[in-house]
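Undergrad:
Protein chains in written order, with this note's numbering: chain A, 43 to 211; chain B, 43 to 211.
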């Protein structure tokens, strides 16, 4: 297989995978492209390789920088900006987990806490009780997911996987 | 707060959360509604509560049944079908993980294996080497994620969380 073909296949699949986990397809594709390219690439390089508009590239580049998984780079004698991916996949995975936790899990936990601390009124006290019980159990699993993400993102890769997998073997 | 209002707030947030993790918003909302309702509900009950068309409800009900997180139920003297959620949130979480693993993670791992086992040609052998190295590291993290899901979905809830959290404390 030619290198370009292999790269393209990988980028498409990574884009699909990202979108299945709630990450914009183009954002995943840009990250994939930079991740498998040794050099830094310009906006134009990315537009051309992925066949995506400048606006779309710029928007997703901004997000990727915000997430801390790509970096801006300047080359001497070049006015254009270049971008380089964080190349360590474990670091990338941890940063994505942290962003998703902060933007998605934290608000959900806050809401569950709010509902938990609010008196709920209804003529049917059995329904209220059942609702409270279910909210409580969802709060417990989201809290646990939150603690897990917190621990994983602080852990060292080798230690984590070795210990984690031994636990279950 | 009135029970209906609290339920509605919860359903909306759960729908948003689901869509942020690649699960159809209406599908998440139906699951949320059934999860916090003690009784089984009919298609009409769901349509009315969520303000969603019959076609949309039917489509998502089918997916939820396929995922093993809601069940069909018949009531004597009733021709309509009713639906009841799996109420144990740990069971729900495990089943969702299994479906997402099978549909999304497994194909990605297969692709990474394929790329890994295919000779890649290019004039620039350094680029090929770098690409191979990155694919290898992504294969390693996706393999680990796969094993983790496999272990978690086989584990008992209490044992899992107790042991898991102790590991990091």
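Even glycine gets a Cβ: it sits at the ideal position worked out from N, Cα and C.
Cβ of residue 169 of chain A less than 8 Å from any chain B Cβ?
TA: Chain B contact via Cβ: present.
Undergrad: Provide the residue span of the alpha helix (DSSP H) that contains residue 48 of chain A, from first to last.
TA: Taken as a continuous stretch (DSSP letters only), the alpha helix (DSSP H) holding residue 48 of chain A covers 45 to 62.
Undergrad: Let me check understanding here. Comparing Cα to Cα, which of B/120, B/108 and B/122 lies closest to residue 128 of chain B?
TA: Nearest C-alpha to residue 128 of chain B: B/108.
Undergrad: Pull up the distance between the alpha-carbon of residue 119 of chain A and that of residue 55 of chain A, whole angstroms please.
TA: Roughly 36 Å between the two C-alpha positions.
Undergrad: Whose CA, out of A/59, A/121, A/177 and A/202, lies closest to the CA of residue 186 of chain B?
TA: Closest option to residue 186 of chain B, Cα to Cα, is A/202.
Undergrad: Is any beta-carbon of chain B found at less than 8 Å from that of residue 44 of chain A?
TA: Residue 44 of chain A counts as touching chain B.
Undergrad: Quick one: what does DSSP say residue 126 of chain A is sitting in, helix, strand or coil?
TA: Reduced to three states, the DSSP call for residue 126 of chain A is strand.
Undergrad: Name the residue from B/63, B/126, B/80 and B/91 whose alpha carbon lies nearest to the alpha carbon of residue 104 of chain B.
TA: Residue B/126 is the option with its Cα nearest to residue 104 of chain B.
Undergrad: Mind listing the chain A neighbours of residue 111 of chain B? Cutoff is C-beta to C-beta under 9 Å, in chain order.
TA: In chain order: nothing, as chain A lies at least about 14 Å away.
Undergrad: Could you tell me which of A/96, A/78, A/182 and A/82 sits nearest to residue 152 of chain A, measuring between CA atoms?
TA: Of the listed residues, the one whose Cα sits closest to residue 152 of chain A is A/182.
Undergrad: Which partner residues of residue 242 of chain A appear in the DSSP bridge assignment?
TA: Outside the displayed range of chain A (43 to 211) lies residue 242 of chain A, so it cannot be described from this structure.
Undergrad: Mind listing which residues of the stretch 146 to 164 of chain A have their C-beta closer than 9 Å to chain B's C-betas, in chain order?
TA: Flagged, chain order: 146, 147, 149, 150, 153, 154, 156, 157, 160, 161, 162, 163 and 164.
Undergrad: What does residue 114 of chain B pair with, by DSSP beta-bridge criteria?
TA: Paired residue(s): B/125.
Undergrad: So is residue 205 of chain A buried or exposed if we call it buried at 16+ other beta carbons inside 10 Å?
TA: The residue in question, residue 205 of chain A, is exposed, as its Cβ has fewer than 16 Cβ neighbours within 10 Å.
Undergrad: Measuring alpha carbon to alpha carbon, tell me which residue in A/83, A/191 and A/58 is nearest residue 146 of chain A.
TA: The residue with the shortest Cα to Cα distance from residue 146 of chain A is A/191.
Undergrad: Going by Cα to Cα distance, which pick from A/80, A/74, A/170 and A/45 is closest to residue 59 of chain A?
TA: Looking at the Cα atoms, A/74 is the closest of the given residues.
Undergrad: Return the Cβ separation of residue 134 of chain B and residue 111 of chain B in integer angstroms, given the expectation that the two are a contact with Cβ distance under 8 Å.
TA: With a Cβ gap of about 5 Å, residue 134 of chain B and residue 111 of chain B count as contacting.
Undergrad: Using the DSSP secondary-structure output, state which residues sit across from residue 146 of chain B in a beta bridge.
TA: Beta-bridge pairing links residue 146 of chain B to no other residue.
Undergrad: Which residues share a DSSP beta bridge with residue 163 of chain B?
TA: Residue 163 of chain B is bridged to A/44.
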